[in-house]
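Q: Structure provided below as structure tokens; questions to follow.
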Amino acid sequence: MTAEEIKRIVADAIFKVLNHRNFEMHDGLTAPDVEGWDSLHHMLILNEIENAFGFKFKLKDLNKMKDMGSLVQIISERLPS
Amino acid sequence: MGRGEDIIIRIATKADSDFIIEAILQAEKSGTDRCALLKLWNCNENQLRTYLRSILDEEIDGTEWSIDNFVIAESSGHSIGAFAGWIEGENEWGLSSSTLKANLMKACLPIDVIVKMSHFQTEIQAVQIPRTQGALQLEYAYVVPGFQGKGVIQRIVEFIFHRYGNWSLAEVQVFANNSPAIQAYSKLGFVRTFETKPTIEDLGIFPYPIKLKMTKNKP
Numbered sequence: 001m002t003a004e005e006i007k008r009i010v011a012d013a014i015f016k017v018l019n020h021r022n023f024e025m026h027d028g029l030t031a032p033d034v035e036g037w038d039s040l041h042h043m044l045i046l047n048e049i050e051n052a053f054g055f056k057f058k059l060k061d062l063n064k065m066k067d068m069g070s071l072v073q074i075i076s077e078r079l080p081s
Numbered sequence: 001m002g003r004g005e006d007i008i009i010r011i012a013t014k015a016d017s018d019f020i021i022e023a024i025l026q027a028e029k030s031g032t033d034r035c036a037l038l039k040l041w042n043c044n045e046n047q048l049r050t051y052l053r054s055i056l057d058e059e060i061d062g063t064e065w066s067i068d069n070f071v072i073a074e075s076s077g078h079s080i081g082a083f084a085g086w087i088e089g090e091n092e093w094g095l096s097s098s099t100l101k102a103n104l105m106k107a108c109l110p111i112d113v114i115v116k117m118s119h120f121q122t123e124i125q126a127v128q129i130p131r132t133q134g135a136l137q138l139e140y141a142y143v144v145p146g147f148q149g150k151g152v153i154q155r156i157v158e159f160i161f162h163r164y165g166n167w168s169l170a171e172v173q174v175f176a177n178n179s180p181a182i183q184a185y186s187k188l189g190f191v192r193t194f195e196t197k198p199t200i201e202d203l204g205i206f207p208y209p210i211k212l213k214m215t216k217n218k219p
């Protein structure tokens, strides 16, 4: 799966929780850049992403997530090659 | 100090888990019978202790849910007080304590608990006070009955000040009804710098609808 395909799925997960698409999916995107992405919704968005990709993040993965680029990288590493 | 003369202050270890969990529970109540975590996590006290233990077992520094960040007061071999302290944002990942706590909850709580907690978003936000990046944070002060009012918190805070010797700003958050804590922090040189507004109906989740931030600059 390409980075762009992962981003599209992540964008859908964000939309499912926040109910808007007022954000651009670039590698530098962080939670504060997206309206409504607070710590409570952060947990729900991560859950939606897990459901979409069919795996659970480990805590060490969660703590490595600094921005969209690192999130996509972590997902990419977890997907079967 | 009378009964407090034999008090020793030390950094917590994993063996202190039970006492730290008790400290978190009592500090959350802030002198009332309301424990927000019980309501937000929709659980009983036994379940809450289990959740907190699994969170503490992750050993993630940089929040009030870290054993390493706790300092313990001990008298005659018994734990009598606890307080957590850390430098906001100074951790292995450079993350804020609120993000680390969200990650810990995501990793340690069932998803249905998180979904139910999200229904209280407005109530949670009403008492949320941002923490200053790089500032020394103090959270979850607790002293067992019988040792309260004997300067135990002051002793622990002085230990924490020494532990993080390079701090320049210290912050503590306290519900506005907790007069003994506010007095203790004032004695230590903390002053009120912010208070939340009770903009919503009090649903009985938090001990009090108004929370204060008190700060102290290093002399």
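Protein chains in written order, with the numbering used here: chain A, 1 to 81; chain B, 1 to 219.
C-beta atoms are modelled at their ideal positions from N, C-alpha and C, and glycine is treated no differently.
(1) Within this structure, are the beta carbons of Ile20 of chain B and Ala73 of chain B separated by less than 8 angstroms?
(2) Which residues bound the alpha helix (DSSP H) around His78 of chain B?
(3) So, do the segment 28-40 of chain B and the segment 95-112 of chain B have three or more beta carbon pairs nearer to each other than 8 angstroms?
(4) What's the C-alpha gap between Gly89 of chain B and Gln133 of chain B?
(5) Can you look up Thr193 of chain B in the DSSP assignment and give me helix, strand or coil?
(6) For the alpha helix (DSSP H) that Tyr142 of chain B lies in, which residues bound it at each end?
(7) Can you tell me whether Pro219 of chain B is buried or exposed, with buried defined as 16 or more other CB within 10 angstroms of its CB?
(8) If we define contact as Cβ-Cβ less than 8 angstroms, is Ser98 of chain B a contact residue for chain A?
(9) According to DSSP, is Thr215 of chain B helix, strand or coil?
(10) Flag Lys221 of chain B as yes if its beta-carbon sits less than 8 angstroms from any beta-carbon of chain A, otherwise no.
(11) Should Arg3 of chain B be labelled buried (16 or more other beta-carbon atoms within 10 Å of its own) or exposed?
(12) DSSP three-state label for Gln154 of chain B, please.
(13) Considering only heavy atoms of the ligand ADP, does any lie closer than 7 angstroms to the CB of Leu79 of chain A?
(14) Is there a Cβ from chain B that is less than 8 angstroms from the Cβ of Asn63 of chain A?
A: Judging by the given coordinates:
(1) no
(2) In this chain, His78 of chain B is not harboured by any alpha helix (DSSP H); it is covered by the beta strand (DSSP E) spanning His78 to Ile87.
(3) no
(4) 6 angstroms
(5) Thr193 of chain B falls in the strand class under three-state DSSP.
(6) It is not in any alpha helix (DSSP H) - Tyr142 of chain B instead sits in the beta strand (DSSP E) that spans Leu136 to Val143.
(7) exposed
(8) yes
(9) strand
(10) The structure shown has nothing for residue 221 of chain B, since chain B only spans 1 to 219.
(11) Reliability fails at Arg3 of chain B, whose pLDDT of 47 lies under 50, so the model's placement of it is uncertain and the value that follows must be treated cautiously. Label assigned to Arg3 of chain B: exposed.
(12) helix
(13) You won't find the ligand ADP in this model; it holds no ligand whatsoever.
(14) yes
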